[in-house]
Every structure is written in C-alpha cells, then in structure tokens.
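Worksheet: the structure to be examined is printed underneath.
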Amino acid sequence: MAAILSLSKARKIKARTARQQQATENRIVFGRTKDEKAKQSADTARAIARIDGHKLSPKDTSDG
Numbered sequence: 003m004a005a006i007l008s009l010s011k012a013r014k015i016k017a018r019t020a021r022q023q024q025a026t027e028n029r030i031v032f033g034r035t036k037d038e039k040a041k042q043s044a045d046t047a048r049a050i051a052r053i054d055g056h057k058l059s060p061k062d063t064s065d066g
C-alpha cells in the first residue's frame, strides 16, 4: 500500500529538488576558474576565426 502524502509536503519536496537542480547547474556554469574561462574564450575565438577564414568571399558581379 502506498504512503499517504499531503499536497503541501509534496509541493515542498518538489520545490526543494528544483532548487537543488538549479544549484547544481549554477555550480557548473559559474564555478569555473579564471584560467578555465580564459581558455574557453580563446578556444571560441579561435573556432570563430577558423570558420570565418573558410568562408567564401562574394564574387564581383559587375561587368566592368
């Protein structure tokens, strides 16, 4: 037989787990060192530069 649980306790449990999940996500996003942030920024800039370097330039369509 299932245990009887009041709705107020169920809401509190649900809210608690949501807060814990948000805290875990925040630790991942904001819990990085300055060096890790700088490395990721440099990697992103390098990737963008590489992609931009491989783009084709628009051809000149003038007849002159």
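Start counting the sequence shown at 3; every next residue gets the next number (the numbering used here). C-beta atoms are modelled at their ideal positions from N, C-alpha and C, and glycine is treated no differently.
| Asked | Found |
| --- | --- |
| Counting contacts by CB-CB distance shorter than 8 Å, is Arg-29 in contact with chain B? | Among the chains of the structure shown, chain B does not appear; only one protein chain is present. |
| Spatial neighbours of Asp-45 within its chain, please: C-beta separation below 6 Å, excluding the five flanking residues on both sides. | none |
| Return the CA-CA distance between Ala-4 and Lys-11, expressed in angstroms with no decimal places. | 15 Å |
| Can you give me the C-alpha to C-alpha distance between Ala-17 and Thr-35, rounded to a whole angstrom? | 30 Å |
| Gln-24 to Gly-55, Cα distance in whole Å? | 39 Å |
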